[in-house]
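What follows is a set of notes on a single structure, which appears directly below.
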Amino acid sequence: MSTKARFFKKVQQNNTVTITDERSVEADIQAFCRRMDALARQIRQWFEGSGIEVIVSRKYLHDLSTIGFSLNSGSVCYEITTITLRHGLRSVTIMPEQLWRAGDKGCVTLTIDTAAGAAGKQKFYLRMAPESGWLIRDEGQASADSIPLTEEVFFQTIEALA
10 MSTKARFFKK VQQNNTVTIT DERSVEADIQ AFCRRMDALA RQIRQWFEGS GIEVIVSRKY
70 LHDLSTIGFS LNSGSVCYEI TTITLRHGLR SVTIMPEQLW RAGDKGCVTL TIDTAAGAAG
130 KQKFYLRMAP ESGWLIRDEG QASADSIPLT EEVFFQTIEA LA
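Heads up, the sequence shown is in the working numbering, so the first residue is 10 and it goes up one at a time.
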């Protein structure tokens, strides 16, 4: 095979890898968005008729973890669901942060604010579980110590909202 032929074969292989990477990133983003939508629906059901205000909105996330995967090699921007629970002056905010972080996929923060200043704030981290649902950990725990986010775990986590 000539040098020219090898060169163009390598160009074609690299183009295929780039297209595959872009499709993979897009699939991961779509999964992240779907999971956030499903979490919002679940939380709405849990709080239906409770008197706790559930605010579901959307934000544009400029995801720095995806730099190099968009066509212009910048970060990818996409619209994703956010969730806020309000009970008087107390609140819980569930905010997507980025697609990837240190091996985790679908990174979200859950912040509890009891309106008692800095001492009244607690932070937890959610990430997408491999098959479905979410995993959660305390701010001081390693990602490997995450546990499944069940209804029981969720209500234990946000107990300060009551």
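Think of the CB as a built atom: it goes at the ideal place given N, C-alpha and C, for glycine as much as any other residue.
Tell me the rounded alpha-carbon separation between residue i and residue j.
i, j, result
"E161", "R15", "58 Å"
"W55", "Q131", "21 Å"
"A153", "S11", "50 Å"
"I2", "T93", "Since the first and last residues shown for the chain are 10 and 171, residue 2 lies out of range."
"Q51", "G58", "14 Å"
"Q165", "D37", "29 Å"
"A171", "H96", "7 Å"
Leaving aside the five residues before and after residue i along the sequence, list all residues of the same chain whose C-beta is less than 7 Å from its C-beta, in chain order.
i, result
"A124", "L98 and R99"
"D147", "F133"
"Q107", "D72, L73, S74 and C116"
Classify residue i as buried or exposed, calling it buried when 16 or more other Cβ atoms lie within 10 Å of its own Cβ.
i, result
"M45", "buried"
"C86", "exposed"
"R136", "buried"
"I156", "exposed"
"T90", "buried"
"K13", "exposed"
Residues in the same chain with beta-carbon distance under 6 Å from residue i, minus the five sequence neighbours each way, listed in chain order, please.
i, result
"A169", "I121 and T123"
"W109", "S74"
From the options, pick the residue whose C-alpha is nearest to that of residue i; which is it?
i, options, result
"F41", "R146, M104 and K130", "M104"
"F163", "V34, A36 and L48", "L48"
"L119", "Q51, E62, T102 and Q165", "T102"
"Q39", "E57, L70, Q165 and G60", "L70"
If I'm right that residue i touches residue j with Cβ under 8 Å, what's the distance once you round it to whole angstroms?
i, j, result
"R53", "V65", "7 Å"
"L144", "A138", "5 Å"
Identify, in the order they occur along the chain, each residue of the same chain with its Cβ nearer than 8 Å to the Cβ of residue i, setting aside the five sequence neighbours on each side.
i, result
"G112", "S152"
"E88", "C42, R67, K68, Y69 and L70"
"I61", "L94, R95, H96 and L170"
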